[in-house]
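Visitor:
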């Protein structure tokens, strides 16, 4: 997407230096990608521990129930 923006010279120079970019466009793209990556990391950190996963014991119990169900189904005529 083509966009015209006014970026302070010092900020752009720093972005080019820190990213190793050879062009202004490359510096802006790399800076945006890094910003977005950091935001995703922050989201993961904020949500850490909020997902409820089944424990190994719960998974094994479910597996045993499934095996028992298959065996009882196959024993029927």
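In my numbering, the protein residues as written are 498 to 574.
Ideal placement from N, C-alpha and C gives every residue a C-beta, glycine not left out.
1. Would you kindly work out how many angstroms separate the C-alpha atoms of residue 543 and residue 568, rounded to a whole number?
2. Using alpha carbons as the reference points, say which of 501, 499 and 520 lies closest to residue 509.
3. Return yes when the Cβ of residue 512 is within less than 8 Å of the Cβ of residue 525, no when it is not.
4. Which residue from 515, 505, 546 and 555 puts its Cα closest to that of residue 531?
5. Could you check the C-alpha separation between residue 559 and residue 550 for me, to the nearest Å?
Guide: Based on what the coordinates show:
1. The residue given as residue 543 occupies position 46 in the chain shown. The residue given as residue 568 occupies position 71 in the chain shown. Roughly 44 Å separates the two Cα atoms.
2. Position 12 of the chain shown, counted from the start, is the residue given in the question as residue 509. Among 501, 499 and 520, the Cα nearest to that of residue 509 belongs to 520.
3. Sequence index remark: in the chain shown, residue 525 carries index 28 (1-based). Sequence index remark: in the chain shown, residue 512 carries index 15 (1-based). In this structure, residue 525 places its C-beta atom within 8 Å of the C-beta atom of residue 512.
4. Your numbering for residue 531 matches position 34 in the chain shown. Checked all of 515, 505, 546 and 555; the closest Cα to residue 531 is 515.
5. By 1-based counting over the chain shown, the position of residue 559 is 62. By 1-based counting over the chain shown, the position of residue 550 is 53. C-alpha separation (whole angstroms): 14 Å.
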